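Participant: Here full-length UniProt numbering is used: the first residue of the sequence shown is 1, the next is one more, and so on. All C-beta atoms in this analysis are idealised placements derived from N, C-alpha and C, irrespective of residue type, glycine included. For clarity, every value in this text was computed on a predicted model and none was experimentally measured.
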Amino acid sequence: MNFFRKLLFPLAVLYGFVTSVRNFLYDKGILKSYSFDLPVIAVGNLSVGGTGKTPQIEYLIRLLSDRYKVATLSRGYKRKSKGFVLADAGADAAVLGDEPFQFHQKFPNIQVAVDANRVNGITQLLSQNEKPDVILLDDAFQHRKVKAGFYIMLTAYGDLYCDDLILPAGNLRESRTGVKRADVIIVTKCPPQLTLIQQNEIRSRLQLKQHQQLFFTFIAYEESVSSEEKSMPVKEIATVDKILLAGIAKPDSFFAYLQAAQDATMTFPDHHDFTQLDIEKIKEKAKNKIIITTEKDYVRLKGKLRKEQLFYLPIKTSFLSHQEDFDKSILDYVGTSTGNR
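1) Does the distance from the CB of D138 to the CB of E174 come in under 8 Å?
2) Could you pull the DSSP bridge partners for S231 from this structure?
3) With 16 other CB atoms within 10 Å as the buried threshold, where does H143 fall?
4) Compare the Cα-Cα distances from G178 to each of F141, Y34, V43, C190 and report the closest residue.
5) Under 8 Å: do the region 284 to 293 and the region 180 to 198 share three or more Cβ pairs, one atom per stretch?
6) So what does I243 bridge to, in DSSP terms?
7) Please return the same chain residues whose Cβ sits closer than 8 Å to the Cβ of G121, not counting the five positions on each side in sequence.
8) Suppose the cutoff is 6 Å on Cβ atoms and the five residues either side in sequence are ignored; what does the same chain contact list for V240 look like?
9) Starting from the C-beta of L46, find all residues in its chain whose C-beta is less than 8 Å away, skip the five residues before and the five after it, and write them out in chain order.
10) By DSSP, does F326 sit in helix, in strand, or in coil?
11) What three-state label does DSSP hand I279 in the structure shown?
12) With a 10 Å radius around its C-beta and 16 neighbouring C-beta atoms as the bar for buried, classify P39 as buried or exposed.
13) In the region 54 to 80, which residue ranges form an unbroken beta strand (DSSP E) of at least 3 residues, counting only runs that do not cross its ends?
14) Helix, strand or coil for T51 per DSSP?
15) Looking at A94: is its Cβ nearer than 8 Å to the Cβ of K82?
16) Take S227 as the anchor and find which of T19, K147, E308 has the nearest alpha-carbon.
17) Would L125 and A71 be called neighbours here (beta carbons separated by less than 8 Å)?
18) Are the beta-carbon atoms belonging to residue 347 and K316 less than 8 Å from one another?
19) By the DSSP assignment, the alpha helix (DSSP H) with D252 in it spans what residues?
20) Under DSSP, the alpha helix (DSSP H) around N120 begins and ends at which residues?
21) Kindly identify the DSSP beta-bridge partner or partners of A156.
22) Answer with buried or exposed for T51, where buried requires no fewer than 16 other C-beta atoms within 10 angstroms of its C-beta.
23) In this structure, how does DSSP classify L305 when only helix, strand and coil are distinguished?
24) Might you give, ordered along the chain, the residues of its own chain that have their beta carbon closer than 6 Å to the beta carbon of E222, omitting 5 neighbours on each side?
25) Please state whether DSSP places S318 in a helix, a strand or coil.
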C-alpha cells in the first residue's frame, strides 16, 4: 500500500462499514431482493475492473447458446443512452456500451440488453415475445436487488482479493467476506504454466467455504489479428512497424504478446470514449503503420480510423484444468432450473 493510500485508510474503514451494513440488510431480508423464474447467472468480482469478466461471459455464451436461448444484461457503462435498451441492427457502442456491443457483434443469435436497474432489465427481457431461457448478468456481484441463482466471482492472479483492501485504500468494492455469496471462484489471468502446487497454495490462502468450487484460467490470445476486411497471423506482423493501442484496465499482457522492439504503444483509460482529438493524435502517431488494439477498444474505434489500418486481437478465457467440471456445474444448474420452471 503506497503512502497516499495509507492516508485514505480511515475512509476505507467508513466505506467498508457502509457496504457491510448494506449487505447485512439484504442478507436479513430487510432490503428486498428479487428472484425470477428462470436461471440467472451473475458474473462479477470484489475488486474494481481488470479481472476478465468479458471473456468469461463470452465463455458462458459459447457453452450455453447451442442449448438455450441466452440473454446478457449489463449496466452499459459509459453508454450515451438511458434506461432499458435491447440491442438491434441499429445498435452501436454509444447506445450499448463497449462490452455489450462486443457481445452483440460476436453473438448475433443471443439477446443483448442494458439497464442500470437490473430488476427492470430482467422484467423487460421476460416481457419480450422471444423470452430467454437463461440470463447472464455482467458485473453484478454487488447488485443485491437481484438474487441470482448462481454466482461466479473472478479474482485476478496478480491481484487476489485476499491481498487487497477496501476502497479507497485498496481496490475492493466491499469486504472480503462478500466472497461467501460465490458458488464458483475463478482465479483469472494466470500464467499458463502455473503448477498444481502453486494452485493449491492459492487455494489455501483463499480459505474457501465447503460448497465453493475453485478454478484457474488464463487469457488465450488468438494467433491472428483481424480487421473488418482480413486477418493476419501474429507471426507475420512481428517484425512489421505498428502501433499498439489499449484502453483497458490492465494492458500489460496485451502489449507483451504483440510488442516488438520498434513498436510504439498508446494507453488510454478503461472504457475510454475516444474524442476527435484522440483520433487525430492516433493518426499522427501511426502515420501509415497498422494499428492493433483490443476487442473492446475496436468496437469504439471502428469507423473512426481507416478500416485497412485498424486491427484487433481476439482473446478467450481458457481453463488450466477441470474445464469439464466447470461446464458441468453450469449446465447442471441451468438444466435443473429450466426443468423446474
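Facilitator: In short:
1) One thing to note: D138 has its Cβ no nearer than 8 Å to the Cβ of E174.
2) The bridge partners DSSP lists for S231 are S226.
3) Answer is buried; the Cβ neighbour count reaches 16.
4) Of the candidates F141, Y34, V43, C190, the one whose C-alpha sits nearest the C-alpha of G178 is F141.
5) Taking 8 Å as the limit for Cβ pairs, the verdict is that the region 180 to 198 does not touch the region 284 to 293.
6) I243 is bridged to A264, I291.
7) L73, F84, A113, V114, D115.
8) Residues of the same chain with a CB within less than 6 Å of the CB of V240, apart from the 5 flanking positions on each side, do not exist.
9) The answer, listed in chain order, is F141, M153, T155, Y161, D164, L172, R173, E174, R176, G178, V179.
10) In this structure, F326 counts as helix in the three-state DSSP scheme.
11) Three-state result, I279: helix.
12) P39 is buried by the Cβ-count criterion.
13) Within the region 54 to 80, the complete beta strand (DSSP E) runs of at least 3 residues are 70 to 74.
14) Looking at T51 - three-state DSSP - the assignment turns out to be coil, as it is neither helix nor strand.
15) 8 Å or more divides the Cβ of A94 from the Cβ of K82.
16) Restricting attention to T19, K147, E308, the CA atom closest to the CA of S227 is found in E308.
17) The answer is yes: Cβ separation under 8 Å.
18) In the structure displayed, the chain extends from 1 to 341; residue 347 sits before or after that span and is not available.
19) Annotation for D252: the continuous alpha helix (DSSP H) segment containing it runs 252 to 258.
20) Residues 118 to 126.
21) Looking at the DSSP assignment, A156 forms a beta bridge with T188.
22) Under this definition T51 is a buried residue.
23) Under the three-state reduction of DSSP output, L305 falls in the strand class.
24) P314, listed in sequence order.
25) S318: strand per DSSP, three-state reduction.
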